[in-house]
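Working notes, structure below.
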Amino acid sequence: MDIKKGRLNTGYFFLGLFAFFIGLYPLRFIGLPYEDSLLGSKPQALLNSSIYLTAFYTHIFLGGLALLTGFSQFYKRLRVKRIGLHRTLGKIYVLSVLLSGISGLGIAFYATGGIIPALGFAGLAILWLYTTFNAYTSIKKGEVTNHQRWMIRSYALCFAAVTLRLYLPTFTGLLHMDFIPAYKIIAWLCWVPNILIAEIFIVRRLT
Ligand code: HEM
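In terms of our numbering, the sequence shown opens at residue 1 and continues consecutively.
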């Protein structure tokens, strides 16, 4: 077996595993009392706002759907043999990002920990929407390589949902940091390295 290809397949498998479990993670919020989740740290006035709660649940459930559908799009066999399915899943991904990204941008301004995480999440939301929009418009114009490049960027940003949930227990559990200082760092750390890695991947494999 080609070692490089073998490594790529192993990497793809593990990325898929994380995408699957974190993609399903928002289901945990169904019927969960506010006190048992991040919502427990929010002021009562925010929890009384149906706009905030609608944005929050739209964000988490469609974010999960984006993580689940987006992953399969990189599977070459699906693109080659089931192009119709690839297109349908692609449309679901784009729509999920649109709604999860806009609502994510809205709730970013109420992020736990203040302005530093708020700006980190807002920056992530704007770039997520921007890269996904470019992925969509480039394929509409028939620019396949550009479409692949933008999708890699978009999904690397989507993967912030996974990296955030790997960093949080590492910082608070292993490194014994308090939650708020850790959260301020992780709101940026969860996506800035992801997009840099995506750029390196694009330069090495798609230029
Ligand atoms: C990539 C762009 C994303 C942005 C900008 C974003 C932004 C946010 C923001 C601002 C919050 C609230 C944080 C707070 O109030 O402190 C949040 C929470 C949350 N997000 Fe996202 N998010 C993104 C992607 C995703 C994805 C793909 C998922 C799918 C699993 C997801 C699932 C969640 C969940 C479950 C929460 C609740 C917090 C928790 O208990 O972990 N997010 N997100």
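The beta-carbon is built from N, C-alpha and C at its ideal position, and this holds for glycine as well.
Selected residue, minimal CA-CA separation from residue i, among the options
i	options	result
Gly-70	Trp-188, Leu-196, Ala-19	Ala-19
Gly-122	Glu-143, Ser-37, Ile-102	The sequence shown places Ala at residue 122, not Gly. The option with the nearest alpha carbon to Ala-122 is Ile-102.
Trp-150	Ala-187, Phe-74, Thr-170	Phe-74
Val-97	Ile-197, Tyr-183, Gly-16, Leu-65	Leu-65
Gly-104	Gly-63, Gly-114, Leu-196, Leu-89	Gly-63
Pro-193	Pro-26, Ala-55, Cys-158	Cys-158
Tyr-155	Gly-173, Thr-172, Leu-124	Leu-124
Trp-191	Gly-173, Lys-140, Leu-127, Pro-181	Leu-127
Ala-160	Ile-195, Tyr-130, Ile-180, Asp-36	Ile-195
Leu-129	Val-144, Phe-171, Tyr-12, His-59	His-59
Gly-113	Phe-61, Ala-187, Leu-78, Leu-99	Ala-187
Alpha-carbon spacing of residue i relative to residue j, whole angstroms
i	j	result
Phe-201	Ser-49	42 Å
Glu-199	Arg-153	7 Å
Ile-116	Arg-82	43 Å
Tyr-235	Asn-146	There is simply no residue 235 to check, as the chain begins at 1 and stops at 207 in what is shown.
Gln-148	Ala-135	7 Å
Ala-108	Lys-76	35 Å
Leu-46	Pro-169	26 Å
Arg-165	Thr-137	31 Å
Val-94	Thr-132	7 Å
Glu-35	Leu-53	14 Å
Gln-44	Ile-180	19 Å
Ile-22	Thr-207	31 Å
Gly-90	Gly-120	26 Å
Arg-208	Gly-173	Here the chain covers residues 1 to 207 and nothing more, so residue 208 does not appear.
Local conformation of residue i per DSSP, three classes
i	result
Met-177	coil
Trp-188	helix
Arg-82	coil
Ser-37	coil
Asn-48	coil
Tyr-208	The requested residue 208 is not part of the displayed model; the chain covers only 1 to 207.
Pro-43	coil
Phe-159	coil
Assigned exposure category for residue i - 16 Cβ within 10 Å defines buried
i	result
Ser-41	exposed
Val-162	buried
Asn-9	exposed
His-176	exposed
Gly-142	exposed
Lys-184	buried
Leu-17	exposed
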